[in-house]
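Worksheet for the structure shown next.
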Amino acid sequence: MAIGCNQKVKETTTPIEPIVQKETPEYFLLRPEVEKMYGYSHAVKIGNNIIISGAVSMDNQGNPTAIGDFEQQMKNCYADLDKVLKHYGCTFDDVVVENIFTTNMPKFLEVAAYRNEIYTKQFPTGSWLGVKELALPEFLIEIELEVHKAE
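Going from the sequence shown to our numbering is simple: count from 1 and add 7.
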């Protein structure tokens, strides 16, 4: 049906349901004191989607760990990410996006095969990015995730 500039559109009295439903975000703090100090939440769930902030190799006080040991830092990142996933009842099988930031791409490529132990069914989409620096000079790698939790 074509409507000219001078024609009126028939108005309806039937309410139209919104396409987007409101979802209340659910925030999660892995290390509450550290995250409050730096001003971020480690994860937020909205509906079936979970966005997880970049994990770095740190202790519960926010101090870098495994300094100089790239592979161990990567394993520590995945260990923290696993804790966040478990909080929401998820596993790495639910991850749909993984972004990795590193200050040493050649070293990452040497140890990237470790990801085969993390992603046993399929790999998520994502990017591997070489960066000049991360939040602290001791951090060599940071990994962030996006998750879709099927119901």
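Quick reminder that beta carbons are idealized off the backbone N, C-alpha and C, glycines included.
Collapsing the DSSP output to three states places V102 in a strand. Boundaries of the alpha helix (DSSP H) around E42: P39 to Y45. In terms of CA proximity to A86, I150 leads the group I150, E158 and E40. DSSP places N123 within a helical segment (H, G or I) once states are collapsed to three.
In this structure, L36 keeps its C-beta atom at 8 Å or more from the C-beta atom of I59.
In terms of Cα proximity to V63, the closest of K128, P131 and N106 is N106. Residue environment analysis places G61 among the buried positions, since at least 16 neighbouring C-beta atoms fall within 10 angstroms of its C-beta.
Nearest C-alpha to L143 among I57, T31 and Y45: Y45. Looking from the CA of E33, the closest CA among A157, F108 and G54 belongs to G54. Within the same chain, and ignoring the five residues on either side of C97 in sequence, the residues whose Cβ sits closer than 8 Å to its Cβ are I57, V154 and K156.
The three-state secondary structure of L92, taken from DSSP, is helix. For L143, no beta strand (DSSP E) run applies, since DSSP gives it neither H nor E.
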